[in-house]
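Just so we're aligned: the sequence shown equals residues 2 to 135 in the working numbering.
Virtual Cβ for every residue (Gly too), placed ideally from N, Cα, C.
Bear in mind the structure is a predicted one, so any value in this text is a computation, not a measurement.
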Amino acid sequence: MDHLFTRIASRCAHIMGQPATFITAVTFIFVWAVSGPLLHFSDTWRLIVNTATTVLTFLAVFLIQNSQNRDGAAMQAKLDEILRAVEKARIEFVGIEHLTDVEIGEIRDALEADLAKGESSDGHRTVERLLKRL
């Protein structure tokens with residue numbers, strides 16, 4: 002089921018990001034707007050675009066979130082692999098994406114403070130110390 006949803010979501014997200022899709026949407030809105038006077042701006046005329054945009058927006062939110070979740074997870078896995086592969090990289094950074102925003106902010110602030118003091122070689126100890134404390 003996950004593979005099927007991923008394939009469908011990926012394909013839909015790809016289609017939604019194409020210029021032709023944008024042009025199609027603008028064309029539909031133009032046709033809808035031009036048909037307003039012909040239909041005397043009736044409630045049905047308004048309901049059509051209101052319903053269509055609501056449904057499409059609702060579905061697009063889930064597709065976009067799914068796409069961002071997959072992209073973020075893939076990028077994080079790649080960055081973790083780089084950290085493991087680079088000899089001087091600090092392995093302590095692997096998995097910090099699971100910390101809270103406050104905890105990540107503390108690590109970033111401590112590293113920036115060390116760099117401002119010219120203590121860039123102590124950054125490794127800064128990360129170790131902060132991760133142990135958290």
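Here Val95 is not near Arg109, since their CB atoms are 8 Å or more apart. Following the DSSP letters along the chain, one finds Gln77 inside the alpha helix (DSSP H) bounded by residues 44 to 86. Linking Ala14 to Thr28 through their CA atoms gives a straight-line distance of about 20 Å. Counting along the chain, no alpha helix (DSSP H) covers Ile92, and no H or E run does either.
DSSP places Gly106 in the uninterrupted alpha helix (DSSP H) bounded by 102 to 117.
Spanning the alpha carbons of Ala117 and Arg47 requires a straight line of approximately 59 Å. The three-state reading of DSSP puts Met17 in helix, counting H, G and I together. Cβ contact annotation for Gln77 (same chain, cutoff 7 Å, sequence separation greater than five): Glu98, in chain order.
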